[in-house]
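All remarks here apply to the structure that follows.
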Amino acid sequence: MIFEFDADELGLFSPNDLWYCPNCGSRGVVGELRGFRAGVCPNCGGPAKVTMFPDPGREERLKEEVDTLVKDFLMGDFGISRTEISLNFSGNRGYHIHVRSPSLRELDKEARQEIVDYVTGRGIDVRYFFDVSRVPPRGPKPTDGGWKGRVARKLVEILSGAKDASELVRFGVSPALARRIMRERGHVVELIKKGVWPFIDTKADDAFASVSALVRSISPYMGKEIDTNTSVDIHRLIRVPDTIHGGTGLLAKRIRDLWSFDPYRDAVALPERPYLNLHVEYIPEFEFAGEVWGPLEDKNVELPLHVSVYLLSKGVASWRLTTQG
Ligand SMILES: [Zn+2]
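Using this note's numbering, read the sequence shown as starting at 964 and increasing by one per residue.
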């Protein structure tokens, strides 16, 4: 079974990324738009695409989600051994997690789909988390296993750091409930630690919907609608490790240690020489192959082969055929 994590699909955009619209031809820098929405052209509403550049902050976010899937879900909830899990850099914007567990091999397609639904939080009926027959209602504690503990821990974490109700709303809690919880936040935190959920009592449907939304948004897939046929599959052909990805010139490869892995250092497969004459349309400042490049806009430059191929495959530079001498 393979789980894919892609920065693009998870909407992990960086202010330095470029967006462009094949429909109307508009383009720009993501950070110049407030609240850029993935896939939507701010000009015509058509489907916009994003060109991503190396960003350590984004890599960190992506690794956190991969780490959560591996440690909390696969190893924690499903009891899969670390030796049955291998991590691969995709060669482009993400990671593939391969699970080769005998216990998973015996499962049919429906059972595997249930695993996917569990991980994305889509298959979780949060009503089973609560006992509303008791007064006040009982619910998950931070020390509980699986999703119950995960939800309680996350809510305590959000409440402990939240400045106002909007931070709860961001995780899917309804505005009315968020305001109510925030009014007695300290008290609510203490109660949740004991597994007591006072605000589940009235307007329970709103509360259940809020907890469901919280579950989805804290899943490793961050509440995104993931096409499970392409993101998680059984028999899918996946890029073979140690092959060069045509969209980046980087090497798809197996990773020994996720946290120390830097794709823009460790997966650079091409040499420095020869240098190529390029016309660069736009690049922000970024690190690649141990050096800092950019920012450049509408400039002719001579760049090493590895970073040249990276920019050419992204379509942000073109190769100038020049006559020497
Ligand atoms: Zn457009």
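All C-beta atoms in this analysis are idealised placements derived from N, C-alpha and C, irrespective of residue type, glycine included.
Beta-carbon proximity of residue i to residue j, cut-off 8 angstroms
i	j	result
Asn979	Cys1007	no
Arg1228	Ala1252	yes
Gly1054	Leu1213	yes
Phe1171	Phe1052	no
Met1185	Leu973	yes
Leu1221	Leu1050	yes
Gly1084	Val1178	yes
Ile1078	Trp1110	no
Classification of residue i by the beta-carbon crowding that lies within 10 angstroms, buried from 16 upward
i	result
Arg1056	buried
Val1062	buried
Ala1128	buried
Tyr1273	buried
Gly1288	Residue placement at Gly1288 cannot be trusted, given a pLDDT of 44 that sits under 50; the coordinates are not used to answer.
Val1098	exposed
Pro1019	exposed
Leu1284	exposed
Lys1216	buried
Pro1103	buried
Leu1266	buried
Tyr1238	exposed
Reference residue i; option with closest CA among the options
i	options	result
Arg1143	Arg1113, Gly1002, Ile1163	Ile1163
Ser1137	Ser1175, Val1029, Pro1234	Ser1175
Ser1246	Phe968, Ile965, Gly1042, Gly991	Note on identity: in this sequence residue 1246 is Ile, with Ser being the wrong assignment. Of Phe968, Ile965, Gly1042, Gly991, the residue nearest in Cα terms is Gly991.
Thr1206	Leu1233, Asp1225, Gly1149, Tyr1081	Leu1233
Arg1000	Trp982, Ser1271, Glu1153, Lys1157	Trp982
Met1145	Ser1064, Val1132, Asp969	Val1132
Phe968	Arg1021, Ser1123, Val993	Arg1021
Leu1067	Pro1017, Met964, Leu1154	Met964
Leu1140	Ala1167, Glu1120, Gly1124	Ala1167
Pro1226	Val1270, Asn1240, Glu1244, Asp1261	Val1270
Those residues which DSSP pairs with residue i across a bridge
i	result
Ser1049	His1061
Thr1014	Leu981
Ala1252	Paired residues: none, contrary to the question.
Glu967	His1059
Leu1241	Val1264, Trp1282
Exercise. Go through the residues and name those whose CB comes closer than 6 angstroms to any heavy atom of ligand 1, in chain order.
Key: Cys984, Asn986, Cys987, Ser989, Cys1004, Asn1006, Cys1007, Gly1009
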